[in-house]
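Visitor: Numbering (UniProt numbering), first residue to last: 1 to 277.
For glycine and all other residues, C-beta sits at the position ideal for the given N, C-alpha and C.
These numbers were taken from a predicted model, which means no experiment stands behind them.
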Amino acid sequence: MALKENHRNVGPDGMVYMPFLNQWGPHTSTLREMIVVMGLIFGEDPPVFKKPLTAHVPYVSQPHITSHTPYVTAQPPNYDEIQAREIENEKREREEAEALARVLAESERAAELEDEIRTTSEIRDTLSKKLVISLKNFNGEVRGKISSSLKEHATLDGRKKIISEEIKNLKDKVEIFNTQIRHVDDQTEKITDFIEKQELKGETPVDNLAIPGDLSSKQMLQLSAKNAAIGDCLYYIDKALMNGHIELVVHLKEVRKLAKKQFFARAHLVKIAKMQV
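1) Report the option in L221, R85, E106 whose CA atom is closest to the CA atom of R32.
2) Which residue wins for smallest C-alpha separation from A240, given the options I230, H251, G231?
3) In three-state DSSP terms, what is A240?
4) Whose CA, out of R159, V10, L269, R102, lies closest to the CA of P46?
5) Hey, quick one: how far does the alpha helix (DSSP H) through R266 stretch, first residue to last?
6) Under DSSP, the alpha helix (DSSP H) around R8 begins and ends at which residues?
7) How many Å lie between L104 and K145 at the Cα?
8) Would you identify the three-state DSSP class for A210, choosing helix, strand or coil?
9) Give a yes or no on contact between the stretch 26-41 and the stretch 112-124, applying the rule of three or more CB pairs nearer than 8 Å.
10) Just to confirm, are P26 and L100 a CB contact at a threshold of 8 Å?
11) Tell me which residues share the same chain as T66 and place their Cβ nearer than 7 Å to its Cβ, disregarding the 5 neighbours each side in the sequence.
12) Run the CB neighbour count on L223, radius 10 Å, all protein chains shown included, and call it buried at 16 or more, exposed below.
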């Protein structure tokens, strides 16, 4: 490999000259940008080329040079060519600066794009984590509600069975009540018919209301009437004493006689009742 002569960015000693290197900033420039610029510049005009293989050169006799070699005088510099080269150098530097600006702009856009991609990825990851947490919480809430609903459903099923049994019992009671109401209505109708028939017969004498069937029943009926009559007499004697119609001595005397009679009547009544049993 050999260096190309008269390269605009590489000198004969191999030193590289580029506007980017002159504008290098330790806090603003990066190796990636330098590599992009060097690739762009050296891709258009490589600074080296491959040497050709050396071949055998035949010997050629050199002409004899006499000591009387003519003197060659130096020509004066051409200022137009110098100005043209300066213009060309300025143009080349301007093009390199524009290319560098484009490369920097593309690098900045690439960096911004990477930042956007990284930011988007971070936001996506954050949203994904939040979504996962939200879904887990929602899943837990739904599971809790479903479990609570199942418990309530089981409770309602139990209450439904209880209510169904109560309804059945109430229906049975209603049927029983309806039967009793019909029985009461029948009895009421019978009693009403009996009363109407008795009213048609007229008033029945008191003595005919209770007719004893045997001697013991007759005695019990008489003793019961006597006991009730004595009780009424005692009531009115007490009332007469309270009203001042009789004296206390008379009251005590009459009460003793009536109480004695009532005692014997009740004792006789109890004795007859025991005999019938």
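Guide: Per the coordinate set shown:
1) Nearest option by C-alpha distance: E106.
2) When C-alpha distances from A240 are compared across I230, H251, G231, the shortest belongs to H251.
3) Helix at A240.
4) Ranked by Cα distance from P46, the first of R159, V10, L269, R102 is V10.
5) Taken as a continuous stretch (DSSP letters only), the alpha helix (DSSP H) holding R266 covers 248-276.
6) DSSP places R8 in no alpha helix (DSSP H); its state is neither H nor E.
7) L104 and K145: Cα-Cα distance of roughly 60 Å.
8) Note: A210 maps to coil in three-state DSSP.
9) These segments do not touch.
10) Result no, Cβ atoms of P26 and L100 do not sit closer than 8 Å.
11) At T66 the pLDDT is 40, less than 50, meaning the model places this residue with poor confidence and gives no usable figure here.
12) Label assigned to L223: buried.
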